[in-house]
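First residue of the sequence shown: 285, per the working numbering; consecutive thereafter.
Quick notes on the structure that follows.
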Amino acid sequence: MKLTGKNMIGFAVEASGGDTFYAFNPQNGAQLATAFCEGTAADVDKAAQLAKHDFDAFRKMDHQKRARFLDTIAAEIMALGDALITRTMQETGLPQPRLIGERGRTVNQLKMFAEVVREGSFVEARIDTAQPDRQPLPRSDVRTMQVALGPAAVFGASNFPLAFSVAGGDTASALAAGCPVIVKGHPAHPGASEMVGRAIQKAAQKCNMPAGVFSLIQGSTVAVGQALVRHPAVKAVGFTGSFRGGKALFDLAAARPEPIPVFAEMGSTNPLFILPDALKTRHAAIAEGLANSVTLGAGQFCTNPGLTLGFQGDAFENFVNAVAQFIREKPAATMLHKGIKTAYDAGIEKVVAIEDVELAATGSGEAHGSRGLPRLLRASGKTFVANPGLEEEVFGPSSILIACETRDEMLKIAEGLTGHLTATIHGTESEFTEYHDLITILERKVGRIVFNGFPTGVEVCHAMNHGGPFPATTDSRSTSVGTAAIKRFLRPVCYQDSPQSQLPGALKDENPQSIWRLVNGEWTNAGISL
């Protein structure tokens, strides 16, 4: 596929006529071929107006047809073949096996959402039939279901150029809900973005979708993103990235004349707790698992365990020494782009400059260009409590080991934590009972609790929750991974005493799709006989 460098507005491929930018290979710093057009406010307006125009047609579309569209997107992405993997490798420095796996994740989540749409119960239909003879007052017929929220703006993420980008989870869940999508491509991988965008565009044409169902606008500055969030036709935002970027979009959306929800996943240090018996009996295995988790993908996962807590003593020292040895054996790895590498180094320097924080180990090799060195740091619980900044994410292959003096100190640290995506606890069955108060605290602090494992690796499934309290996300009630993500782009509409002819199919007496509905307080997929 020959890249055009142009933006996609509906079925059109357009050049803005303004500035251009290039992608760079983080492995060697070389500028890659193809100049990409900087999107403009006019591009955003055209895409948003088109999405608004076609919104009703898309949201009211037969579920089978919408599901086929999602399946066809998956097929068109696979049809891009090796060219997509090669270009993404060039733009991100990520290895081929990782990207092949990520492509599989991307198409599989599209297919999973297709099945959710095809089955249809995601609309959460609730029906309370009329009781005209009820005393002292009759009850109206009341029926409610979830409907699409409106055109959604989706921001591509740097660390997952496929699975959290143009056709990633935000796009898949918004389209599944019936929302047209306008994607702001990430400037670090514009070539991969265009290729996937063209796959979606082709799928839309094959499936006779309205043109406004999808647009892709590129840009290397914040202007395009700001224009998208401000546009009155946009009704929701999906974002994965830094706290600074997500919070800026959240504030922008809140300041609109009509505020809109921003579902921003903004990173996390994902604290990991090791209880005494587990530390004593499994310190070597936990140390190896931790080192592997911290350095996986050059530490560029939002679930990277950046904070590890245990009790000081001989077992903890053995653990520190074991982790340090594993970290020293880990080589410097290419990070996604030079900006991330620069921020990572600056973050480490800031942490090391804190009094009583020690650099315990550094990985092997040289950290030139975009290559980041793994680093292991350590501090006392007292130092952590006195320096709240140690909880802030340093995006990259590092973790801070915290030695707690007492159980109370560990619980105090847990209680003082802000919101995170995950927390992990290593312990025995009896320790989990003994430390249930720690688990109770963590239930208030995170979106996922991992027992005797590691948080990197987020399964795409129906039960997964990838979210958490602020500042991990801007809305702790939602997930950006798994089929529950569709709920972010839906809202309830209630029909009272509506004639059958005006009800959506999901609320009609005969239940034409045989979906599960809550009818007079009981779940059933049968029709209603009155």
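The beta carbon of each residue, even a glycine, is placed where N, CA and C say it ideally should be.
Looking at the DSSP output, residue 645 sits in a beta bridge with 660.
Within the same chain, and ignoring the five residues on either side of residue 664 in sequence, the residues whose Cβ sits closer than 6 Å to its Cβ are 687.
Here DSSP, grouped into helix, strand and coil, assigns residue 400 to helix. Annotation for residue 427: the continuous beta strand (DSSP E) segment containing it runs 426 to 432. Residue 456 sits close to residue 394, with the two beta carbons spaced by under 9 Å. Rounded to whole angstroms, the gap between the alpha carbons of residue 397 and residue 650 is 43 Å. Annotation for residue 594: the continuous beta strand (DSSP E) segment containing it runs 591 to 595. Comparing C-alpha distances from residue 351 to each of 492, 538, 384 shows the shortest one belongs to 492. The beta carbon of residue 620 sits closer than 7 Å to those of 310, 376, 377, 442, 443, 472, 584, all from its chain and outside the five residues before and after it, given in chain order. In this structure, the CA atom of residue 674 is about 20 Å from the CA atom of residue 525. Note that the C-beta distance between residue 658 and residue 616 is below 9 Å.
When secondary structure is reduced to three states using DSSP, residue 638 falls in the coil class, being assigned neither helix nor strand. Going by beta carbons, residue 693 and residue 666 fall inside the 9 Å limit. DSSP, read as helix, strand or coil, puts residue 500 in strand.
Buried is the label assigned to residue 677, since at least 16 other Cβ atoms lie within 10 Å of its Cβ. Annotation: the segment 522 to 582 contains the following complete segments of the beta strand (DSSP E) (minimum length 3 residues), in chain order: 546 to 549, 556 to 558. In chain order, 446, 447, 744 place their CB closer than 8 Å to the CB of residue 389, counting only its own chain and leaving out the 5 sequence neighbours on each side. Inclusion of residue 537 and residue 372 in the CB contact set at 9 Å is not warranted, their separation being larger than that value. Residue environment analysis places residue 551 among the buried positions, since at least 16 neighbouring C-beta atoms fall within 10 angstroms of its C-beta.
For residue 705, there is no enclosing alpha helix (DSSP H); the enclosing beta strand (DSSP E) has its first and last residue at 704 to 710. With fewer than 16 other Cβ atoms from the protein chains shown falling within 10 Å of its own Cβ, residue 576 counts as exposed. For the set 469, 360, 343, the Cα lying nearest the Cα of residue 293 is the one of 469. Apart from the 5 residues on each side of it in sequence, residue 763 sits with its Cβ closer than 6 Å to the Cβ of 749, 750, 751, 769 in its chain, given in chain order. Taking residue 623 as reference, the option from 603, 602, 654, 608 with the minimal CA-CA separation is 654.
In the DSSP assignment, residue 514 falls within the alpha helix (DSSP H) that extends over 507 to 514. With the rule of 3 Cβ pairs closer than 8 Å, the segment 706 to 725 does not count as touching the segment 490 to 508. With fewer than three CB-CB distances shorter than 8 Å, the segment 527 to 541 does not count as touching the segment 322 to 332. For the pair of segments examined, the segment 584 to 595 was found not to touch the segment 410 to 422: the number of CB pairs separated by less than 8 Å stays below three. When Cβ pairs closer than 8 Å are counted between the two stretches, the segment 701 to 720 is seen to touch the segment 728 to 745, the count reaching three or more. DSSP places residue 477 in the uninterrupted alpha helix (DSSP H) bounded by 474 to 490.
Taking all protein chains shown into account, residue 421 has fewer than 16 neighbouring C-beta atoms within 10 Å of its C-beta and is therefore exposed. Annotation: residue 429 to residue 336 spans about 21 Å, alpha carbon to alpha carbon. Residue range 720 to 729 is occupied by the alpha helix (DSSP H) that includes residue 723, with no beta strand (DSSP E) assigned at that position.
In summary, residue 392 is exposed, with fewer than 16 beta-carbon neighbours lying within 10 Å of its beta-carbon over all protein chains present.
With respect to residue 515, residue 437 sits close: the two C-beta atoms are nearer than 9 Å.
Remark: C-beta atoms of residue 547 and residue 509 do not approach each other more closely than 9 Å.
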